[in-house]
Amino acid sequence: MEHKKEQKTSATSFSDEIRSQLGGETITLCYQCGTCASSCPVAKTTERYNPRDIIRLSLLGEKQEVLSGGAIWLCSSCYNCQERCPQKVEIADVIYALRNIAIKEGHIPNIYSEFATGLMNEGRIVPTSKFVEKKRPEYGLPPLRPAGLDAMKKILAATGFDKIQWKKEGTP
Amino acid sequence: MTSYALFLGCTIPARQPHYEASARKALTRLGIGLVDLDNMTCCAPPPLQSIDMETSLAIAAHNICLAEEADLDIVTLCTGCFESLAMANNLLKENSKLKARVNKILSNAGEEFKGTKEVKHYLKVLMDDVGLERLKKSVVKDLSSLKVASFSGCHLLRPSALLKFDDPERPHIFDDLIEALGAKSIWYRNKLKCCGGLLRGYADDVALAIARDKIVNTTKAGADCIVTLCPFCFLTLDLGQMLIKSAYKEEYNIPVIHYAELLSLALGIDPKELALDFHKIRLDKVLSKIT
Numbered sequence: 021m022e023h024k025k026e027q028k029t030s031a032t033s034f035s036d037e038i039r040s041q042l043g044g045e046t047i048t049l050c051y052q053c054g055t056c057a058s059s060c061p062v063a064k065t066t067e068r069y070n071p072r073d074i075i076r077l078s079l080l081g082e083k084q085e086v087l088s089g090g091a092i093w094l095c096s097s098c099y100n101c102q103e104r105c106p107q108k109v110e111i112a113d114v115i116y117a118l119r120n121i122a123i124k125e126g127h128i129p130n131i132y133s134e135f136a137t138g139l140m141n142e143g144r145i146v147p148t149s150k151f152v153e154k155k156r157p158e159y160g161l162p163p164l165r166p167a168g169l170d171a172m173k174k175i176l177a178a179t180g181f182d183k184i185q186w187k188k189e190g191t192p
Numbered sequence: 054m055t056s057y058a059l060f061l062g063c064t065i066p067a068r069q070p071h072y073e074a075s076a077r078k079a080l081t082r083l084g085i086g087l088v089d090l091d092n093m094t095c096c097a098p099p100p101l102q103s104i105d106m107e108t109s110l111a112i113a114a115h116n117i118c119l120a121e122e123a124d125l126d127i128v129t130l131c132t133g134c135f136e137s138l139a140m141a142n143n144l145l146k147e148n149s150k151l152k153a154r155v156n157k158i159l160s161n162a163g164e165e166f167k168g169t170k171e172v173k174h175y176l177k178v179l180m181d182d183v184g185l186e187r188l189k190k191s192v193v194k195d196l197s198s199l200k201v202a203s204f205s206g207c208h209l210l211r212p213s214a215l216l217k218f219d220d221p222e223r224p225h226i227f228d229d230l231i232e233a234l235g236a237k238s239i240w241y242r243n244k245l246k247c248c249g250g251l252l253r254g255y256a257d258d259v260a261l262a263i264a265r266d267k268i269v270n271t272t273k274a275g276a277d278c279i280v281t282l283c284p285f286c287f288l289t290l291d292l293g294q295m296l297i298k299s300a301y302k303e304e305y306n307i308p309v310i311h312y313a314e315l316l317s318l319a320l321g322i323d324p325k326e327l328a329l330d331f332h333k334i335r336l337d338k339v340l341s342k343i344t
């Protein structure tokens with residue numbers, strides 16, 4: 021009995037945590053029909069990803085498995101699942117919510133550290149190219165305007181984005 | 054003349070001057086004014102939304118604030134930028150609590166999101182401000198022998214509740230705009246399916262397998278080229294064919310061309326002015342069918 025009670029508590033607390041994140045609000049509407057998985061281009065390609073499984077595991081409170089298992093990073097953000105969900109679960113947004121929690125808990129794939137570094141240094145996630153920039157006049161393109169790095173830095177400080185411990189770690 | 058704040062984003066100025074040059078030249082020729090604003094930044098696309106949604110909404114809102122100050126609507130070329138900015142714009146307009154939360158962040162940068170402007174993809178600008186009929190009349194080249202596989206990319210259409218661009222399951226606007234140039238837009242298997250582009254850098258094997266599916270399906274349907282809107286889809290399908298060649302030992306050589314480039318060519322803009330050398334797959338097959 022004690023064991024069951026404990027499980028229920030961890031399941032409820034993880035789904036509450038997800039629901040309190042931007043994008044995670046609708047997760048508990050899921051009734052596991054699988055329309056998401058059958059609409060998913062990634063699930064059709066690899067067994068490493070299945071949106072229905074991610075939602076089920078989340079609702080069961082399997083927090084560590086969901087956050088560190090790597091599957092949440094395989095969503096291609098195409099929103100097909102979200103368009104078709106009969107329960108109006110905002111599945112792609114739920115995945116973002118799970119990723120946001122994972123990042124806060126230190127599960128950061130290398131490529132995301134690179135995006136964050138680009139943003140903090142240049143205000144852009146794809147760095148400009150000196151080669152292309154030099155050639156702009158040749159193609160009749162005006163000089164590239166400066167990125168609003170000052171405003172960006174103030175925004176990143178206000179949300180705590182710049183305090184996230186960006187680190188290189190093995191891809192989970 | 055209708056004028057817009059041109060939002061370029063990161064990928065286009067860094068890697069795809071052919072997209073920027075063709076879009077600027079074609080839109081200007083059709084009477085659309087494009088204004089370059091200082092201090093725009095990354096749009097905060099899915100990779101940043103994945104890190105922190107609140108920060109991403111604030112960054113998108115910062116860019117919209119700049120357009121509000123300049124009293125201009127925004128036009129985007131990249132569908133990724135369109136999605137990030139239009140999603141934030143509509144979310145914040147609809148949700149006053151969220152707007153207050155984001156404005157509290159923006160106040161640190163001396164900015165306030167008011168919600169007075171629109172974010173439009175350039176296809177919408179072509180529909181609204183030029184129109185199919187005037188577009189047809191502006192075409193000076195014959196594209197009637199060109200069979201085109203259109204691929205809008207996911208973020209022109211989805212999430213449709215916030216983007217409100219076209220029917221997410223049976224879209225027609227992009228194909229109408231292709232046919233207005235005189236080319237034939239053909240059907241192919243899994244036309245609306247993602248290209249896998251956003252998985253590049255995390256799971257390259259999965260990304261390439263999904264991209265290959267798109268290349269195989271468009272080739273099987275007999276397309277002369279794939280027409281794209283998103284710089285990421287472009288990269289995935291154009292450079293992607295080089296990667297498919299080495300990983301799968303298969304060679305397709307199907308040209309990938311942005312709609313703005315096809316539009317420029319149809320309007321009679323000299324190909325030499327369009328920086329077409331940036332394509333990995335040569336466009337000769339396409340150029341020879343535009344007479």
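Heads up: the sequence lines are chains A and B, in that order. Once you know that position 162 of the first sequence is 182 in the working numbering, the rest is easy, because the numbers rise by one and skip nothing. Once you know that position 97 of the second sequence is 150 in the working numbering, the rest is easy, because the numbers rise by one and skip nothing. Beta carbons: idealized from backbone N, C-alpha and C, even for Gly.
7 Å CB neighbourhood of residue i in its chain, flanking five on each side removed
i, result
"V155/B", "L110, A111, A114, L145, F166"
"E164/B", "H115, C118"
"C247/B", "C207, I263"
"A162/B", "H115"
Closest by C-alpha distance to residue i, when choosing among the options
i, options, result
"G249/B", "L288/B, H332/B, S103/B, Y241/B", "L288/B"
"R89/B", "R77/B, A97/B, R82/B", "Residue 89/B is actually Asp in this sequence, not Arg. Comparing Cα-Cα distances from D89/B to each of R77/B, A97/B, R82/B, the minimum goes to R77/B."
"A139/B", "T344/B, E122/B, T169/B, A162/B", "T169/B"
"A91/A", "E45/A, P129/A, G180/A, K150/A", "P129/A"
"A276/B", "V339/B, A262/B, D220/B, R265/B", "V339/B"
"K217/B", "N306/B, V172/B, K342/B", "V172/B"
"D181/B", "V280/B, T55/B, H311/B", "T55/B"
"Y175/B", "P100/B, Y72/B, N270/B", "Y72/B"
"N116/B", "A177/A, D113/A, A167/A", "A167/A"
"E153/A", "G163/B, D257/B, T64/B", "T64/B"
"I145/A", "L101/B, T272/B, D219/B, R223/B", "L101/B"
"F331/B", "I310/B, L320/B, G321/B, I322/B", "I310/B"
"D195/B", "A123/B, G235/B, S149/B, K302/B", "G235/B"
"L215/B", "C278/B, E147/B, K152/B", "E147/B"
C-beta contact flag for residue i and residue j at 9 Å
i, j, result
"L80/B", "V178/B", "yes"
"S317/B", "S75/B", "yes"
"L87/B", "A313/B", "no"
"S88/A", "A122/A", "yes"
"Q294/B", "I334/B", "yes"
"M66/B", "L251/B", "One detail in the question is off: residue 66/B reads as Pro in this sequence, not Met. Not in contact: P66/B and L251/B (Cβ atoms no closer than 9 Å)."
"Y305/B", "I343/B", "no"
"R76/A", "W93/A", "no"
"Y99/A", "P212/B", "yes"
"Q107/A", "T65/A", "no"
Neighbourhood of residue i by C-beta distance below 6 Å, restricted to the same chain and skipping five residues each side
i, result
"R253/B", "A260"
"D134/B", "The amino acid occupying residue 134/B in the given sequence is Cys; Asp does not appear at that position. Answer for C134/B: F60, G62, C96, listed in chain order."
"S205/B", "F227, L282"
"R265/B", "I297"
"M172/A", "G143"
"F34/A", "G81, K83"
"A233/B", "L185, L188, K189"
"R242/B", "N270"
"D36/A", "none"
"A259/A", "The requested residue 259/A is not part of the displayed model; chain A covers only 21 to 192."
Exposed unless 16 or more other CB atoms sit within 10 angstroms - verdict on residue i
i, result
"S96/A", "buried"
"T191/A", "Here the model assigns T191/A a pLDDT of 44, short of 50, so the residue's position is not dependable and the matter cannot be decided."
"E103/A", "buried"
"E189/A", "Confidence at E189/A is low in this model, with a pLDDT of 48, below 50, so its placement is unreliable and no value can be given for it."
"M21/A", "Reliability of the predicted coordinates at M21/A is poor, the pLDDT of 49 falling under 50, and the value obtained from them is presented with this limitation in mind. With fewer than 16 other Cβ atoms within 10 Å, it is exposed."
"L49/A", "exposed"
"E107/B", "buried"
"Y51/A", "exposed"
"R223/B", "exposed"
"V128/B", "buried"
"Q185/A", "exposed"
"K174/A", "buried"
"L91/B", "The residue asked about is misnamed: residue 91/B is Asp in this sequence, not Leu. Answer is exposed; the Cβ neighbour count stays below 16."
"E136/B", "buried"
"E53/A", "As written in the sequence, residue 53/A is Cys, which differs from the Glu given in the question. Exposed, by the Cβ-count rule."
Cut-off 8 Å between Cβ atoms - residues of its own chain near residue i, not counting five sequence neighbours on either side
i, result
"P71/A", "C56, A57, C60, A63, C95, C101, I111, I115"
"L327/B", "H71, A74, S75, K78, E314, S317, L318"
Near-chain A residues of the segment 94-118 of chain B - C-beta to any C-beta below 7 Å
T94, C95, P99, P100, L101, Q102, S103, I104, D105, M106, E107, T108, A111, I112, H115
Please name the residues in the segment 62-73 of chain A whose beta-carbon is closer than 9 Å to at least one beta-carbon of chain B, in chain order.
V62, K64, T65, T66, R68, Y69
Output, in sequence order along the chain, the residues in the segment 209-230 of chain B whose CB is closer than 7 Å to any CB in chain A.
R211, P212, S213, P221
At a CB distance below 9 Å, what residues from the segment 139-162 of chain A approach chain B? Give them in sequence order.
L139, E142, G143, R144, I145, V146, P147, T148, S149, V152, E153, K155, R156, E158, Y159, G160, L161, P162
Contact list for the segment 240-261 of chain B against chain A, Cβ threshold 7 Å:
K246, C247, G249, L251, L252, G254, Y255, A256, V259
Please list, in chain order, the residues of the segment 164-185 of chain A that have any C-beta partner in chain B closer than 9 Å.
L164, R165, P166, A167, G168, L169, D170, A171, M172, K173, K174, I175, L176, A177, A178, T179, G180, F181, I184
Give, in chain order, every residue of the segment 31-50 of chain A whose Cβ lies closer than 8 Å to some Cβ of chain B.
Q41, L42, G43
Give me the subset of the segment 158-177 of chain B whose CB atoms are less than 9 Å from a CB atom of chain A, sorted by chain position.
I158, L159, S160, N161, A162, G163, E164
Quick one, which residues of the segment 124-136 of chain A are near chain B if we go by CB-CB under 9 Å, in chain order?
K124, I128, P129, N130, I131, Y132, E134, F135, A136
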